[in-house]
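Let me begin by presenting the structure, written as structure tokens, before commenting on it.
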Amino acid sequence: MAARESAKSACASLQQLTDQLARPRPSNLTDPYYQTAEQYLNTATNRAADAAQQDHGYQEFADTLHRAAETWQVTFTLDEAEPLIQQARKEKC
Numbered sequence: 113m114a115a116r117e118s119a120k121s122a123c124a125s126l127q128q129l130t131d132q133l134a135r136p137r138p139s140n141l142t143d144p145y146y147q148t149a150e151q152y153l154n155t156a157t158n159r160a161a162d163a164a165q166q167d168h169g170y171q172e173f174a175d176t177l178h179r180a181a182e183t184w185q186v187t188f189t190l191d192e193a194e195p196l197i198q199q200a201r202k203e204k205c
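Residues 113 to 205, numbered by the working numbering, are exactly what the sequence shown covers, in order.
This is the structure in structure tokens:
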């Protein structure tokens with residue numbers, strides 16, 4: 113039950129992230145738009161990891177979001193992270 117609640121929370125953050133990504137993207141990477149998107153991604157990643165700790169059925173979901181977060185941190189671009197984010201949403205949301 114707790115795993116499902118963590119996964120629901122992750123999905124809610126992914127929905128917020130998806131809504132954020134649908135907005136026009138500023139050219140300045142220091143714009144609050146990107147900070148907000150990163151916060152949503154980090155929250156979703158953490159909640160998915162919580163779900164995976166409680167139920168291994170969520171492991172792939174957590175791994176996909178972890179890869180998206182790592183991609184974001186390494187490339188500092190959403191272009192490569194976004195397909196992983198969408199994949200995670202399709203997996204469990």
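The beta-carbon is built from N, C-alpha and C at its ideal position, and this holds for glycine as well. These numbers were taken from a predicted model, which means no experiment stands behind them.
With a threshold of 7 Å on Cβ separation, who are the neighbours of residue i within its own chain once the five nearest residues in sequence on each side are excluded?
{"i": "Glu150", "result": "Trp184"}
{"i": "Cys205", "result": "Cys123 and Leu126"}
Hey, could you find the ends of the alpha helix (DSSP H) residue i is sitting in?
{"i": "Asp162", "result": "Pro144 to Gln166"}
{"i": "Cys205", "result": "Per DSSP, Cys205 belongs to no alpha helix (DSSP H) and is neither H nor E."}
Is residue i buried or exposed, if buried means 16 or more other CB atoms sit within 10 Å of its CB?
{"i": "Ser139", "result": "exposed"}
If you draw a straight line from the C-alpha of residue i to the C-alpha of residue j, how long is it?
{"i": "Leu153", "j": "Leu177", "result": "8 Å"}
{"i": "Asp162", "j": "Ser118", "result": "6 Å"}
{"i": "Thr157", "j": "Pro195", "result": "15 Å"}
{"i": "Lys120", "j": "Tyr145", "result": "24 Å"}
Spatial neighbours of residue i within its chain, please: C-beta separation below 6 Å, excluding the five flanking residues on both sides.
{"i": "Ala57", "result": "Residue 57 is absent from the structure shown; the chain starts at 113 and stops at 205."}
Which of the three DSSP states is assigned to residue i in this structure?
{"i": "Arg116", "result": "helix"}
{"i": "Pro138", "result": "coil"}
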